[in-house]
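So in UniProt numbering, spot 21 of the sequence shown is number 21, and the numbers just go up one at a time.
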Amino acid sequence: MVRHNWVQAEEMLLISVLKSMVESRLWTTESGHFRLGYVRYLKCFMDSDFPDAGIEEWHIEAKIKKWRRTCFIIVNLLDRPGFEWDASQNMVVAKENVWAAFVQVYKQAREARDVQFPLFDDWRICFIPPPEEPVE
1 MVRHNWVQAE EMLLISVLKS MVESRLWTTE SGHFRLGYVR YLKCFMDSDF PDAGIEEWHI
61 EAKIKKWRRT CFIIVNLLDR PGFEWDASQN MVVAKENVWA AFVQVYKQAR EARDVQFPLF
121 DDWRICFIPP PEEPVE
């Protein structure tokens, strides 16, 4: 297995198709999980636009897993007092003492410090199920 170094154009296509799959609701279950075969469907798009890139299904799965994990780290941070989303910089911001205290408890938070996440809004659409609408 050879690791794939993703370029921005590949990532943009992947997130675009993934987002359209979620928005169409044809590829997601009611609980927000993707249906069987979604990776194969994504691979068809990747092969069509990047035929010589050598992107395999497991590359796509790994990229989505990384995105999902990072998305949940950011969401977890934003649910805590003292953390905010700076939309102009696409990053989580907090005072030094807030970061220091939280990283002691939640080590994965280090990955989000001083890092820009321009795809975060797209990740939320893809990985965070919308709140259920009240039944009338």
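Glycine is no exception: its CB is placed at the ideal position from the N, C-alpha and C atoms.
Reduced DSSP category for residue i - H, G, I as helix; E, B as strand; rest coil
i       : result
Glu-84  : strand
Arg-68  : helix
Gly-102 : With the sequence shown as reference, residue 102 is identified as Phe, and Gly is not the correct amino acid for it. Helix, per DSSP.
Arg-113 : strand
Ala-11  : Here the sequence assigns Glu to residue 11, which means Ala is not the residue at that position. Glu-11: helix per DSSP, three-state reduction.
Ala-62  : helix
Val-39  : helix
Asn-5   : coil
Asp-52  : coil
Ile-73  : helix
Ile-128 : coil
Sheet register partners of residue i (DSSP bridge)
i      : result
Val-93 : Glu-84
Thr-29 : Paired residue(s): none; Thr-29 is not in a bridge.
His-34 : What sits at residue 34 in the sequence shown is Phe, not His. Answer is Thr-28.
Of the listed residues the options, nearest to residue i (C-alpha basis)
i       : options                             : result
Ala-94  : Phe-83, Ala-100 and Leu-13          : Phe-83
Met-1   : Glu-111, Pro-81 and Gly-54          : Gly-54
Leu-119 : His-59, Glu-111 and Cys-71          : Cys-71
Ile-128 : Arg-68, Lys-107 and Asn-90          : Arg-68
Arg-124 : Met-12, Leu-36 and Val-22           : Val-22
Glu-96  : Asn-90, Ser-88, Arg-110 and Thr-29  : Arg-110
Val-39  : Asp-79, Ser-31 and Ala-62           : Ala-62
Lys-65  : Leu-18, Leu-78, Pro-130 and Val-105 : Leu-18
Anticipated Cβ contact below 8 Å, residue i with residue j, distance rounded
i      : j      : result
Met-46 : Glu-10 : 7 Å
Leu-42 : Ile-60 : 5 Å
Per the contact definition of three or more C-beta pairs closer than 8 Å, is the segment 105 to 118 in contact with the segment 61 to 80?
yes
With contact counted as at least three CB pairs below 8 Å, one residue from each stretch, are the segment 39 to 59 and the segment 101 to 110 in contact?
no
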